[in-house]
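First residue of the sequence shown? That's 1 in UniProt numbering, and the numbers climb one at a time after it.
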Amino acid sequence: NSSSTVCIIQEYASGKDILYQIKKNERLNENISKFLFQQLLEALMHLKCENIFLDIYGNIKHGDFGFSTIMQNNDVSHTFCGSRAYVPPEVLRSQPYTSFTVDLWSLGVVLFVMVAGLMPYDNQNPRQMLSKQLQHKLTFPRKILISEEVKTLIYEILHPIPSQRKSYSDIVTSSWLTNVPYKFRTKNNCDKDDLLEFQ
């Protein structure tokens, strides 16, 4: 009963978090990744796989608002927050940044992890990770069939220069998402053949 405390209550996410599903299945197939990615575009918050939960139908439930803050469109921040593996070069270099371009980068990392089953950059050595980010180097696993459309989209989202990063509208209209109807899954419209076991 304190006016200085904010509590967030949300429905139970029986599908667990996305990282759990990726580990359980080694990765997510592109159809499932596309479905989840569209929902992430809707949420576009502080993103990392451990904060994205799934209901029984595979719909996204975003959690963990520990670093949430109110920012206007053009506001810049100098605060480092988030998991190192999900943050772009400008944050690692302690440069001013806009929250939206940082969120787009995090979204690109999440998409890479969903389709590839691993992180795009090794975050054990921050200097090497930053160097690879700045060189715009991405390596997709050769043993996994990943479409060129999603590879291109990820590459364009993970551009080291924020102003060159793919914009929200460019992502939504990308060839990978073209002609894919967005629908929120429910008990009545859930296609069992295209659904992971989110229980």
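C-beta: ideal position from N, C-alpha, C; glycine also.
> Residues bridged to Leu54 by DSSP?
Replying inline: What you label residue 54 is simply residue 54 of the sequence shown in a count that begins at 1. Beta-bridge pairing links Leu54 to Ile60.
> Straight-line CA distance for Val110 to Ser94?
Replying inline: Taking the first residue of the sequence shown as 1, we reach residue 110 at position 110. Taking the first residue of the sequence shown as 1, we reach residue 94 at position 94. Going from the Cα of Val110 to the Cα of Ser94 covers about 22 Å.
>> Taking its Cβ as the centre, do 16 or more other Cβ atoms sit within 10 Å of Phe164, making it buried, or is it exposed?
In response: The sequence position of residue 164 within the sequence shown is 164, counting from 1. In the sequence on display, residue 164 carries Gln and not Phe. Looking at its Cβ environment, which holds fewer than 16 other Cβ atoms inside 10 Å, Gln164 is exposed.
> Should the stretch 136-147 be called in touch with the stretch 83-102, which here means at least 3 C-beta pairs below 8 Å?
Replying inline: Counting Cβ pairs under 8 Å, fewer than three are found: no touch.
> Should His136 and Pro160 be called a contact, given that it needs their Cβ atoms to be closer than 8 Å?
Replying inline: Locating residue 136 in the sequence shown gives position 136, where the first residue counts as 1. Locating residue 160 in the sequence shown gives position 160, where the first residue counts as 1. With contacts defined by Cβ atoms closer than 8 Å, His136 and Pro160 form a contacting pair.
>> Could you pull the DSSP bridge partners for Asp17 from this structure?
In response: As a first step, residue 17 must be located in the sequence shown, where it is residue number 17. Phe53, per the DSSP bridge assignment.
> Quick one: Cα of Thr133 to Cα of Tyr57, how far?
Replying inline: Taking the sequence shown and counting its residues from 1, the one referred to as residue 133 is at position 133. Taking the sequence shown and counting its residues from 1, the one referred to as residue 57 is at position 57. Before going on, a small fix: residue 133 reads as Gln here, not Thr. Cα to Cα, Gln133 sits roughly 35 Å from Tyr57.
> Given Ala116, which residues of its chain have a CB within under 8 Å of its CB, disregarding the five upstream and five downstream residues?
Replying inline: Mapped onto the sequence shown, residue 116 falls at position 116. Closer than 8 Å at Cβ, skipping near neighbours: Arg27, Phe140, Pro141, Ile144, Ile146.
> According to the neighbour-count rule (16 or more other Cβ atoms, all chains shown, within 10 Å of its Cβ), is Pro126 buried or exposed?
Replying inline: Counted from its first residue, the sequence shown places residue 126 at position 126. Exposed is the call here.
>> Tell me the rounded alpha-carbon separation between Asn123 and Leu158.
In response: To locate residue 123, count along the sequence shown from 1; it is residue 123. To locate residue 158, count along the sequence shown from 1; it is residue 158. Spanning the alpha carbons of Asn123 and Leu158 requires a straight line of approximately 15 Å.
>> For a test of the three-state rule: what should DSSP assign to Met129, helix, strand or coil?
In response: Translated into the one-based positions of the sequence shown, residue 129 becomes position 129. In this structure, Met129 counts as helix in the three-state DSSP scheme.
> CA-CA distance, Thr173 and Leu104?
Replying inline: As a first step, residue 173 is located in the sequence shown; it is residue number 173 there, counting from the start. As a first step, residue 104 is located in the sequence shown; it is residue number 104 there, counting from the start. Roughly 15 Å between the two C-alpha positions.
>> Please identify the residue among Leu40, Gly63, Arg84, Glu42 whose C-alpha is closest to the C-alpha of Asn51.
In response: Sequence index remark: in the sequence shown, residue 51 carries index 51 (1-based). For the options Leu40, Gly63, Arg84, Glu42, the alpha carbon positioned closest to that of Asn51 is the one of Gly63.
> What's the C-alpha gap between residue 204 and Ile154?
Replying inline: Residue 204 cannot be examined here, being either before or after the span of the chain that is shown, 1 to 199.
> Which whole-angstrom value describes the C-beta separation of Lys23 and Phe53, a residue pair presumed to lie in contact below a C-beta threshold of 8 Å?
Replying inline: Here the question's residue 23 lines up with position 23 in the sequence shown. Here the question's residue 53 lines up with position 53 in the sequence shown. Wrong, their Cβ atoms sit about 15 Å apart, outside the cutoff.
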